[in-house]
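See structure below.
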Amino acid sequence: MTALVALFRRELALTWGRGGGPLLAVGFFVAAALMFPLAIGAAPQRLQAVAGGVTWVALALASLLSLEPLFERDFDTGALEILSLGPLSLEVIAAAKCAAQWLATGAPLALAAPVVAVSLGATVATGALVGLAATIGGIAFAFLGGTGAALALAGRRGGVLIALIVLPLLTPPVIFGGAAIANFAAGLPWAGGMILLSAYALATVALTPFAMAGACRNALS
Amino acid sequence: MMISTLANPHKFMAFSRWATPVLGILGAALIGGGLWLGLAAPPDYQQGETVRIMFVHVPAAWVSMLAYACLGGASFVSLVFRHALADAAAKAVAPIGATFTGMALVTGSLWGRPMWGAWWVWGDARLVSVLVLLLLFLGYMALRASIDDEAKAARAAEILALAGLINLPVVKFSVNWWNTLHQGESIMRTGGPTLAPVYLTPLLLVGAGYSLSFGALWLMRTRGEVWRRRAASLTLQAALT
């Protein structure tokens, strides 16, 4: 247990402190969301109609941004190999890494999400729901993103490859969260989408650590 | 029984040597016959002549799903039993699956223009899920291509294929959940098919023909992959002696 706590603190410190951490993700998120009104026009009613969805998409993209160093940094320095020899299994190590990634980038993004949604014209209540969806969906984004990052370890493409691998896997959570947000904004029942999003997030937490550990073992072999 | 026999590479090569042309010829004959019947069928009272696009579109969508199931199955066998032939088969099936998926998208889009008035309808979940399927194939191929070490590429690609396979039912589920303007399923329904036999017969014939041609292409590409690996190890051997 102490080993797990120590590992989690290490991962959190690395994700938070190195390479921009939450600032990079939030900065990209705000910049990407800013592009939408610039591209589709500033008319309030048009923006208001897409505010929730645009924020949701920008969130999904921003969560892909800082995935590359998640495993690669430790792989390059040899730390991953040392960790794999320690008391913790690679499955637990991978899960701890993704949890730290979620706390360091997903949670700050979830805090920034309502602000961006409201600035685009969403109601405060919709903004709050976007924040909730970002909190839950961020878990799925972090764990699926981690899977892509671990798979790309053995390759030599990094970032773009991770995005190509991960984006198709992200479609169900994007659909579920987007449907919940759109239904809420339209005054329709929205809980179903949120429940499905939560279920999907929990399933990724349960399953992806095995995929990540397999991918790490493969890269280390 | 047949699978375990074919797991032997020599037996597989001997079997696929004659099975590939047989499947190919049978498949081409079925597609030809099905399309002939399809073109001879009367125009639909609602869709008019465009109903004929269905005969090339729907089977392509079926085979694209079948191809991903084959990719997942081969990857599973390769991951669990570490079987080299299964990995060659998984590698071989990906581009074929991507092609059938692309065909389903293009023909669906050509059908959508007169029927829906748009080349592409984002509100339709099935269209989107087939696009996701195409992206899964492309991601698989990109991951394989980016890793030089063949053993590592195989293992990483297997994990990705299985992750995609687990995701596919969720994508399929989103079709039902996202109740949209696409045609409901009319072949596999409780209470029997609703399609008139004059359309159903050519559809099933072309579907069978597509499946057999898919099998022939898959065998052919797997053979090619086996030959490529043999050539690679032979050149290595030659360099060592």
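Taken in sequence, the protein lines are chains A and B. Per the numbering used here: the first sequence = residues 280 to 500. Per the numbering used here: the second sequence = residues 81 to 321. Glycine included, C-beta positions come from ideal geometry on N, C-alpha and C.
{"Asked": "Using CA coordinates, which residue listed in Val131(B), Thr100(B), Asn88(B), Ser291(B) is at the minimum distance from Arg193(B)?", "Found": "Val131(B)"}
{"Asked": "Which residues does DSSP list as the beta-bridge partners of Asp124(B)?", "Found": "Gly128(B)"}
{"Asked": "Under 8 Å, Cβ to Cβ, is there at least one residue of chain A near Lys232(B)?", "Found": "yes"}
{"Asked": "Step through the CB atoms of chain B and report whether any lies within less than 8 Å of the CB of Pro447(A).", "Found": "yes"}
{"Asked": "Who are the neighbours of Ala498(A) on chain B, taking C-beta pairs under 8 Å?", "Found": "Lys232, Ala236"}
{"Asked": "Which same chain residues, not among the five before or five after Ala492(A), have their C-beta less than 6 Å away from its C-beta?", "Found": "Leu369, Glu370, Ala373"}
{"Asked": "Interface residues of chain A around Gly192(B) at Cβ under 7 Å?", "Found": "Those do not exist, as Gly192(B) stays about 20 Å from chain A at its closest Cβ, beyond 7 Å."}
{"Asked": "Cα separation between Thr426(A) and Val445(A)?", "Found": "8 Å"}
{"Asked": "Any beta-carbon of chain A closer than 8 Å to the one on Leu223(B)?", "Found": "yes"}
{"Asked": "Glu347(A) to Ile239(B), Cα distance in whole Å?", "Found": "18 Å"}
{"Asked": "For the 8 Å Cβ check, are there 3 or more pairs between the region 338-347 of chain A and the region 443-457 of chain A?", "Found": "yes"}
{"Asked": "In chain B, which residues lie less than 9 Å from Gly493(A) when you measure between Cβ atoms?", "Found": "Leu159, Arg235, Ala236, Glu238, Ile239"}
{"Asked": "Can you tell me whether Thr251(A) is buried or exposed? The criterion is at least 16 other CB atoms within 10 Å of its CB, across all chains shown.", "Found": "Any question about residue 251(A) goes unanswered here, given that chain A covers just 280 to 500."}
{"Asked": "Would a check of beta-carbon distances place Ser291(B) closer than 8 Å to chain A?", "Found": "no"}
{"Asked": "What are the boundary residues of the alpha helix (DSSP H) that includes Ser500(A)?", "Found": "First-last for Ser500(A): undefined, no H or E at that position."}
{"Asked": "Go ahead and pull the three-state DSSP assignment for Ile133(B).", "Found": "helix"}
{"Asked": "Excluding five sequence neighbours on each side, which residues of the same chain lie with their C-beta closer than 6 Å to the C-beta of Leu499(A)?", "Found": "Glu360"}
{"Asked": "Identify whether Phe92(B) lies in helix, strand or coil by the three-state DSSP scheme.", "Found": "helix"}
{"Asked": "Any beta carbon of chain A sitting closer than 8 Å to that of Arg269(B)?", "Found": "Low confidence applies here, because Arg269(B) scores a pLDDT of 47, under 50, leaving its location unreliable and the question unanswered by this model."}
{"Asked": "Along chain B, which residues have their Cβ under 9 Å away from the Cβ of Ile418(A)?", "Found": "Per Cβ cutoff of 9 Å: no residues; Ile418(A) is ~16 Å from chain B at best."}
{"Asked": "What residues of chain B sit near Gly434(A), judged by a beta carbon separation below 7 Å?", "Found": "Leu223, Ser226, Ile227"}
{"Asked": "When you compare only the Cα positions, how much space is there between Gly289(B) and Pro139(B)?", "Found": "9 Å"}
{"Asked": "Would you kindly report the start and end of the unbroken alpha helix (DSSP H) that includes Pro452(A)?", "Found": "438-464"}
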